[in-house]
Amino acid sequence: SRDEDKMFFCQRDQSLIDKVPWLIIKPNVYFVPSLWLNPTFYAVLIKLFPQKETVFHHLARYLFHPTNQVWGMVTRYYHAHLSKAEETLGIQIRVFDKNPGYFQHVMDQVVSCTQREKLLPELATQEEEEEAKFNISESAKLKAVLVTSLYPEYSENLKNMFWERPSSTGEIVEVSQPSGERVQQTKNKLHDQKALAEIY
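Sequential numbering from 360 applies to the sequence shown in the working numbering.
Here is the structure:
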């Protein structure tokens, strides 16, 4: 049950399993950030992952080995959508809600955060837009944004945002999303292959 699963992350319940040399767990990778909530794990985790934001990257890079079919998906998508960009940005949007779907407030958070952190440029003001009409550069920087989400509305909204108006920096922002299947289909081989390909 979910309540029993939560016991693993509680320090007081760790005494039941702390002498077990090997523990096999079969959840998805979304549980990993919860390990930092338990002080028992902190000393080891900080040695393994000095920058906790990089945990998933390192685990995926060293533990997941894609099949030829998955690697083919990765390389075809890369050459078709990302290889010509001077800069790439990946945005994963995953919302755990009883009623899953597209949420405008999540979209607003994504845009606000990526612009505040200077990952994506602001949109040009009306004045900048008028000025840009006369200063079209063929050497504008191309930024490729890869969105991964079950819901394609997130990437479509970002794509339309940068298609309908220029960026304030003059960068060209190209947004793409490999799949948007709307429903988590765990144990569906093709769905799982697509999910793994999107990690790379």
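Cβ atoms here follow ideal geometry from the backbone N, Cα and C, with glycine treated the same way.
Count the other C-beta atoms from every protein chain shown that fall within 10 angstroms of the C-beta of residue i, then say buried if there are 16 or more, exposed otherwise.
i, result
"L509", "buried"
"E557", "buried"
"L479", "buried"
"V403", "exposed"
"R428", "Note that residue 428 is Gln in the sequence shown here, rather than Arg. The residue in question, Q428, is exposed, as its Cβ has fewer than 16 Cβ neighbours within 10 Å."
"Q536", "buried"
"R371", "exposed"
"K378", "exposed"
For my contact list, residue i and residue j are in at a C-beta cut-off of 8 Å; report their separation, rounded to the angstrom.
i, j, result
"F521", "V534", "7 Å"
"K553", "L501", "Not a contact, Cβ separation roughly 25 Å."
"I450", "V504", "6 Å"
Would a C-beta distance cut-off of 8 Å place residue i and residue j closer than the cut-off?
i, j, result
"L482", "S526", "yes"
"A499", "E530", "yes"
"V469", "I452", "yes"
"P425", "L555", "yes"
Between residue i and residue j, what straight-line distance do the alpha-carbon atoms span, to the nearest angstrom?
i, j, result
"W430", "V542", "23 Å"
"M466", "Y421", "31 Å"
"R435", "L441", "10 Å"
"T484", "Q474", "15 Å"
"E446", "F408", "25 Å"
"S374", "T528", "55 Å"
"L464", "V454", "Going by the sequence as given, residue 464 is His instead of Leu. C-alpha separation (whole angstroms): 11 Å."
"L418", "E487", "43 Å"
"V433", "N458", "31 Å"
"D551", "Q544", "8 Å"
"E476", "N519", "21 Å"
Taking contact to mean 3 or more Cβ pairs, one atom from each stretch, closer than 8 Å, check whether the segment 394-409 and the segment 501-519 are in contact. Contact fails: fewer than three Cβ-Cβ distances are below 8 Å.
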